[in-house]
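Numbering (the working numbering), first residue to last: 47 to 531. C-beta: ideal position from N, C-alpha, C; glycine also. Structure, as structure tokens:
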């Protein structure tokens with residue numbers, strides 16, 4: 047397997063993207079300007095003692111707490127997604143969840159994938175099973191973490207939510223050691239994950255032409271009027287909840303449907319009720335621009351003393367259904383100039399987030415309008431201030447492959463015929479087609495296997511000698527080997 051994509055699709059530094067130090071300073075200034083409007087400095091102050099420092103060296107606790115994202119409880123087997131942390135953890139690290147790993151999977155990670163032998167912590171399950179950071183604030187797991195933290199501990203969360211920072215403070219107080227979070231403080235987390243605030247950030251850095259037309263309100267009647275006004279200029283329009291993920295919390299409709307709707311405000315009220323709106327949060331009314339391609343850019347944002355952000359990859363998202371729900375990703379195959387434009391704009395927006403206190407993994411979703419060879423425009427649609435369905439397999443590929451990434455596709459695989467199957471049974475069916483990093487043989491890597499037995503669901507990476515081969519392997523050979531064609 048050899049790399050076949052343009053190197054820009056596999057990652058870029060600030061200078062690789064054609065950006066200068068002056069560009070960096072302009073992006074930082076744009077971020078600081080928005081920060082002044084938001085009162086960001088005052089909001090960040092309570093988190094100063096646990097803020098990440100680039101020279102901090104300590105064991106790392108990995109935890110995937112996604113309890114702050116709405117509607118994830120509707121996803122089959124989602125509580126088991128906490129075990130995705132295993133593919134980030136290595137020798138000397140710790141990782142935690144509220145359930146045990148799937149039998150056989152730890153052996154696979156340690157012996158087949160050579161991912162080291164981190165320590166697993168079983169947290170006492172809280173009333174809400176997704177709140178693993180809250181669960182770790184008591185019981186035997188907390189005492190073990192406090193013992194480790196006496197000599198220093200880093201927390202590397204899925205997302206820098208309040209519970210994670212509360213855990214860091216509690217461990218520092220109990221242990222007397224230095225505890226820091228490799229992730230953004232909550233005020234920076236919510237700038238990155240709020241679609242409305244993110245649109246303001248992009249407009250300030252790049253200009254309003256880089257976002258779709260967007261307006262906000264917390265009144266149903268006003269939202270209906272905004273949709274009617276947008277429908278005079280755009281073929282499709284939408285309502286979006288600001289903090290949802292993977293296309294959930296969206297409602298879009300044609301301009302004709304808006305014009306013909308006799309009780310639009312009532313329908314808006316129903317959307318708000320269905321999406322558990324709290325009556326206060328701003329809801330976005332926006333243009334829904336047609337686009338065949340939705341790139342995703344994966345960034346690593348260091349603390350300010352670490353210099354500019356780094357682009358770790360440009361991906362094409364695999365979106366399915368009318369709601370365009372995320373299913374998987376593959377490295378982007380766009381022309382070089384298009385990749386350069388995507389890289390440069392994404393890095394500048396990342397630098398503005400850095401000025402607002404953001405640290406760690408972040409990704410941006412874009413629309414590529416027109417022909418990828420000569421795109422008419424780029425639009426930033428949202429930011430994902432967290433690890434996710436593209437960055438997790440990307441990071442795993444980087445751990446397994448020495449050198450540039452080969453062609454691959456990563457996605458979830460769901461089939462009712464797999465319900466009740468165990469991980470060892472699935473692994474046995476794949477046999478020597480499971481990738482072995484020691485030899486480079488095999489094609490498939492399995493992860494996020496916790497939902498397998500209960501929901502018939504797991505995540506898979508397929509390596510190919512070309513992108514077409516990687517796609518074909520998942521479409522044809524993989525289900526055939528599992529006996530669920």
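- Contact between residue 259 and residue 332 holds, since their C-beta atoms are separated by about 6 Å, short of 8 Å.
- Excluding residues up to 5 positions away in sequence, 242, 328, 330 lie with their Cβ nearer than 6 Å to the Cβ of residue 262 in the same chain.
- In the DSSP annotation of this structure, the continuous segment of the beta strand (DSSP E) that includes residue 455 starts and ends at 454-460.
- Within the same chain, Cβ atoms closer than 7 Å to the Cβ of residue 86 are found at 233, 402, 403, the five residues on either side in sequence being excluded.
- For residue 70, the enclosing alpha helix (DSSP H) covers residues 67-84.
- In this structure, 414 is the residue among 308, 414, 405 with its C-alpha nearest to the C-alpha of residue 337.
- For residue 509, the enclosing beta strand (DSSP E) starts and ends at 503-509.
- For residue 272, the enclosing alpha helix (DSSP H) stretches over residues 266-276.
- Listed in chain order, the alpha helix (DSSP H) runs fully inside the region 154-191 are 178-181, counting runs of at least 4 residues.
- Taken through DSSP and simplified to helix, strand or coil, residue 444 comes out as helix.
- In the structure shown, the three-state DSSP call for residue 128 is helix.
- Inclusion of residue 214 and residue 194 in the CB contact set at 9 Å is not warranted, their separation being larger than that value.
- For residue 94, there is no enclosing beta strand (DSSP E), as DSSP gives it neither H nor E.
- Here residue 382 is exposed: its Cβ has fewer than 16 other Cβ atoms, across all protein chains shown, within 10 Å.
- Taking C-alpha positions only, residue 521 is separated from residue 92 by approximately 50 Å.
- Annotation for residue 480: no beta strand (DSSP E) segment contains it, and DSSP assigns it neither H nor E.
- Between the alpha carbons of residue 111 and residue 300 lies a distance of about 36 Å.
- Relative to the Cα of residue 386, the nearest Cα in the group 419, 363, 124 belongs to 419.
- For the beta strand (DSSP E) assignment, the uninterrupted runs of no fewer than 3 residues enclosed by the region 310-390 are, from N- to C-terminal side, 329-333, 341-347, 356-366, 371-377.
- The C-alpha of residue 287 lies about 31 Å from the C-alpha of residue 107.
- Excluding the 5 residues flanking it on each side, residue 464 has same chain C-beta neighbours closer than 8 Å at 472, 498, 502, 503, 504, 528, 530, in chain order.
- Residue 254 and residue 248 have their C-alpha atoms spaced approximately 7 Å apart.
- For residue 203, there is no enclosing alpha helix (DSSP H); the residue is part of the beta strand (DSSP E) that begins and ends at 199-203.
- Between the region 157-171 and the region 138-145 there are three or more inter-stretch CB-CB distances shorter than 8 Å, so the stretches are counted as touching.
- Here residue 245 is actually not in contact with residue 223; their C-beta atoms are around 40 Å apart, not less than 8 Å.
- Straight through space, the alpha carbons of residue 375 and residue 435 are spaced by roughly 8 Å.
- Assignment of beta-bridge partners to residue 487 by DSSP yields 482.
- The alpha-carbon of residue 179 is positioned some 12 Å away from that of residue 185.
- In the same chain as residue 451, and ignoring 5 residues on each side of it, the C-beta atoms closer than 6 Å to its own belong to 56, 443, in chain order.
- Taken in chain order, the whole alpha helix (DSSP H) runs of length 4 or more contained in the region 389-443 number zero.
- For residue 264, the CB contacts under 8 Å within the same chain, skipping 5 residues up- and downstream, are 325, 326, 327, 328, 329 in chain order.
- Residue burial is scored here from C-beta neighbours: residue 174 has fewer than 16 other C-beta atoms within 10 angstroms and is therefore classed as exposed.
- Between residue 77 and residue 398 the beta-carbon gap is near 3 Å, inside 8 Å, which marks them as a contact.
- Under the three-state reduction of DSSP, residue 109 is assigned to strand.
- Around the beta carbon of residue 428, 16 or more other beta carbons lie within 10 angstroms, which makes this residue buried.
- In the three-state DSSP reduction, residue 225 falls in the strand class (E or B).
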